[in-house]
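Q: Okay, handing you the structure first.
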Amino acid sequence: MSDAAQPTAAEVRAAAEAVKTALDRHLAAVERRTGDDDTAVYEAFNALAAAAEAYDELLYDRYDEVTPFEIPGADGNLPPYAGPDEPHALSLLIRRDYAVAEPQRLLAQARRVAELGGDADSAAATKAGVSPLAALGVLFGEYEPDEIASRHKEFGLEEGDSTLWVTAADELPEPGEWLGAPFDHADPERIICRFDVSSVFDEEEDEDEPVDAVVRGVDA
Numbered sequence: 065m066s067d068a069a070q071p072t073a074a075e076v077r078a079a080a081e082a083v084k085t086a087l088d089r090h091l092a093a094v095e096r097r098t099g100d101d102d103t104a105v106y107e108a109f110n111a112l113a114a115a116a117e118a119y120d121e122l123l124y125d126r127y128d129e130v131t132p133f134e135i136p137g138a139d140g141n142l143p144p145y146a147g148p149d150e151p152h153a154l155s156l157l158i159r160r161d162y163a164v165a166e167p168q169r170l171l172a173q174a175r176r177v178a179e180l181g182g183d184a185d186s187a188a189a190t191k192a193g194v195s196p197l198a199a200l201g202v203l204f205g206e207y208e209p210d211e212i213a214s215r216h217k218e219f220g221l222e223e224g225d226s227t228l229w230v231t232a233a234d235e236l237p238e239p240g241e242w243l244g245a246p247f248d249h250a251d252p253e254r255i256i257c258r259f260d261v262s263s264v265f266d267e268e269e270d271e272d273e274p275v276d277a278v279v280r281g282v283d284a
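First residue of the sequence shown: 65, per the working numbering; consecutive thereafter.
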């Protein structure tokens, strides 16, 4: 960063004062908390994290120094629960990411599936062997998502991140009610528990499937 773009000493000092203020507000919120999911504590925590991050950046830009502490952001935490205490229904929201690591393997497997289905001479089987889009349609049409997950390497896929949300509902929606926009009403405040799989959680070299679990009222 050029000298002209560097923050001033006064700006760094102001950021440090903001951290002190955020610390006081966070402690005050903790002292007044009314339960495990107190909104004031959650908001004060986020404000403290933001103030600390801003100070750290300014300190580095001005003096080429860093702080000796790190306050995690709220991305991995659940917001205060706002769902029913006694859910009468629940929804499972699942996301799994894959990279097409071996396109030729994907095409070959899709063509094999199409041929075993009696379409050896059909245009569909031919297209499945040359078009990745058609191949994916064939494979996901033939196998359940859990089977794809357990056999992804066989299909030329490489796993990315995945997550499972279990959310509470007051009642079961009417048939077909949400099919037009199935994920538009996903509400983090109604999450009962969530399970995330990502390489960012891999702190042990021999851990094959690092999982981060967050459950209401339970230390994961």
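Ideal Cβ positions, reconstructed from N, Cα and C, are used throughout, including at glycine.
As the structure is a computational prediction, the values presented were derived from the model and not from experiment.
Please report how far the alpha carbon of alanine 245 lies from the alpha carbon of arginine 160, in whole angstroms.
A: Using only the alpha carbons, I get a separation of about 18 Å.
Q: Please classify tryptophan 242 as buried or exposed, where buried requires at least 16 other C-beta atoms within 10 Å of its C-beta.
A: It counts as exposed.
Q: Going by beta-carbon coordinates alone, are threonine 227 and phenylalanine 259 separated by less than 8 Å?
A: Contact flag set, yes.
Q: Assuming leucine 154 contacts isoleucine 255 under a Cβ cut-off of 8 Å, what Cβ separation, rounded to an integer in Å, is found between them?
A: With a Cβ gap of about 10 Å, leucine 154 and isoleucine 255 do not count as contacting.
Q: If we count Cβ pairs, one from each stretch, closer than 8 Å, do we get three or more for the stretch 109-129 versus the stretch 76-87?
A: In short, these stretches touch, since the Cβ pair count reaches three.
Q: Which two residues bound the contiguous beta strand (DSSP E) that contains aspartate 260?
A: From DSSP, the beta strand (DSSP E) with aspartate 260 extends over 255-261.
Q: Please tell me whether glutamate 253 and alanine 146 are closer than 8 Å, where the distance is taken between their beta carbons.
A: In this structure, alanine 146 lies closer than 8 Å to glutamate 253 by Cβ.
Q: Can you tell me the Cα-Cα spacing of tyrosine 119 and valine 83, whole angstroms?
A: Distance between the alpha carbons of tyrosine 119 and valine 83: 7 Å.
Q: Between Ile158, Ala92, Leu200, Ala163, which has its C-alpha nearest arginine 176's C-alpha?
A: Of Ile158, Ala92, Leu200, Ala163, the residue nearest in Cα terms is Leu200.
Q: Closest by CA to alanine 174, which one among Ile212, Leu87, Asp88?
A: Comparing Cα-Cα distances from alanine 174 to each of Ile212, Leu87, Asp88, the minimum goes to Ile212.
Q: Give the DSSP bridge partners of threonine 227, in chain order.
A: Partner(s): Arg159, Asp260.
Q: Does the Cβ-Cβ distance between alanine 111 and arginine 89 come in under 8 Å?
A: A contact, by the Cβ cut-off of 8 Å.
Q: For leucine 154, which beta-bridge partners are listed by DSSP?
A: According to DSSP, leucine 154 bridges with Ala232.
Q: Which residue comes first and which comes last in the alpha helix (DSSP H) that contains histidine 216?
A: Per DSSP, histidine 216 belongs to no alpha helix (DSSP H) and is neither H nor E.
Q: For glutamate 223, collect the residues of the same chain with a Cβ closer than 7 Å to its Cβ; drop the 5 residues on either side in sequence, then sort them by chain order.
A: Correct list, in chain order: Tyr162, His216.
Q: If the criterion is Cβ atoms closer than 8 Å, does the pair proline 144 and threonine 103 meet it?
A: A contact, by the Cβ cut-off of 8 Å.
Q: Determine the burial state of phenylalanine 247: buried for a count of at least 16 other Cβ atoms within 10 Å of its Cβ, exposed for fewer.
A: So phenylalanine 247 counts as exposed.
Q: Would you report the Cα separation of alanine 165 and proline 71, rounded to the nearest angstrom?
A: Each residue's alpha carbon lies about 45 Å from the other.
Q: Compare the C-alpha of arginine 169 against each of Val261, Glu117, Leu203 and name the closest.
A: Closest by alpha carbon: Leu203.
Q: Checking 8 Å against the spacing of the C-beta atoms, do proline 167 and glycine 205 come in under that value?
A: No, the pair does not count as a contact, with Cβ atoms beyond the cut-off.
Q: Quick check on the DSSP output: what are the complete beta strand (DSSP E) runs of length 3 or more inside the stretch 71-146, in order along the chain?
A: Runs found: none.
Q: With distances taken from CA atoms, which of Leu157, Ala172, Thr85 is nearest proline 209?
A: Of the listed residues, the one whose Cα sits closest to proline 209 is Leu157.
Q: Find the nearest neighbour of glutamate 218 within the set Leu171, Ala73, Glu235, Ala187, judged by alpha-carbon distance.
A: Residue Leu171 is the option with its Cα nearest to glutamate 218.
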